[in-house]
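Asker: For the sequence shown, our numbering gives the first residue as -19, with consecutive numbering after it. Backbone N, C-alpha and C fix where the C-beta goes; we use that ideal spot for every residue, glycine too.
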Amino acid sequence: MNSRNEIFQTLRDALVELFELESERITLEANLYQDLEIDSIDAVDLIDHIKRQTGKKIAAEEFKTVRTVGDVVEAVYRLTNTETA
-19 MNSRNEIFQT LRDALVELFE LESERITLEA NLYQDLEIDS IDAVDLIDHI
31 KRQTGKKIAA EEFKTVRTVG DVVEAVYRLT NTETA
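And the structure:
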């Protein structure tokens, strides 16, 4: 999961699996809370899922600034590419 596209694909699959969302609704611009109706407990589940997929933990403080699917992709991209560099 090194490219933004790979991260997006994995994240989309996770959102479909975890929250039973239609994959068409999941775009980089989709707002997690308004468009996809994810609540704070769902966000914790998503963070945990990302941790299992990447082997790296996203700080909850960093996730507080995330609003869109694209924001999550960017956060995971930074996490997976800065610590491996």
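Excluding five sequence neighbours on each side, which residues of the same chain lie with their C-beta closer than 8 Å to the C-beta of Thr48?
Answerer: Same-chain partners within the cutoff: Leu8, Glu9, Ala10, Asn11, Leu12.
Asker: Look at the alpha carbon of Gly50 and the alpha carbon of Glu4, and state the distance between them as a whole number of angstroms.
Answerer: Going by the C-alpha atoms only, they are around 15 Å apart.
Asker: Kindly give me the distance between the Cβ atoms of Ile30 and Val53, rounded to whole angstroms, as I take these residues to be in contact under 8 Å.
Answerer: Rounded, the Cβ-Cβ distance is 11 Å, inconsistent with contact.
Asker: Which residue wins for smallest C-alpha separation from Gln14, given the options Ala39, Val46, Arg58?
Answerer: Considering only alpha carbons, the answer is Val46.
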